[in-house]
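K.L.:
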Amino acid sequence: MSEPNESVSVEYPVDVRLSLHESKEEFAQELKMLAAVKLYELGKISSGKAAALAGTDRVSFLVGLGRYRVSVFNYTPEKLEREVSDAKARAE
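Sequential numbering from 1461 applies to the sequence shown in my numbering.
Next up, the structure:
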């Protein structure tokens, strides 16, 4: 059973989005990804929860962290191995 979703509304100056040359949908997706990456980086949520927040799968989320200059290697070696193994298993 999946958990129910909630939504938030973010007001921003239109020129911010326009300066990035992004559609409303692209900008909304980027905001979700940025929130997920930061919460993950701060250790507030797991990579799985962050991926769900970003609307992607865990493997894609972990691979995409480099784009935001966030390393997956803030784990202990054991935890990193477990995360990668779990992500691969879910991708299969």
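Using N, Cα and C, we set each Cβ at its ideal position, and we do this for glycine too.
Out of Arg1527, Leu1540, Val1474 and Leu1491, which has the shortest C-alpha to C-alpha gap to Leu1513?
P.N.:
Here the closest residue by C-alpha is Leu1491.
K.L.:
Can you tell me whether DSSP reads Asp1475 as helix, strand or coil?
P.N.:
Helix, per DSSP.
K.L.:
Ordered along the chain, which non-local residues of its own chain (more than five positions away) have a Cβ less than 6 Å from that of Tyr1528?
P.N.:
Cβ within range, chain order: Val1497.
K.L.:
Within the continuous alpha helix (DSSP H) that includes Gly1524, where are the two ends?
P.N.:
Per DSSP, Gly1524 belongs to the alpha helix (DSSP H) from Arg1518 to Gly1524.
K.L.:
Tell me which residue opens and which closes the alpha helix (DSSP H) that Arg1542 is part of.
P.N.:
First-last of the alpha helix (DSSP H) with Arg1542: Pro1537 to Ala1551.
K.L.:
How would you label Ser1507, buried or exposed, when you count the other beta carbons within 10 angstroms and need 16 or more for buried?
P.N.:
Buried, since its Cβ has 16 or more Cβ neighbours within 10 Å.
K.L.:
Using the rule of at least 16 other Cβ atoms within 10 Å of the residue's Cβ for burial, across every protein chain shown, is Arg1518 buried or exposed?
P.N.:
Buried.
K.L.:
Under three-state DSSP, which class holds Gly1508?
P.N.:
Here Gly1508 sits in helix by DSSP.
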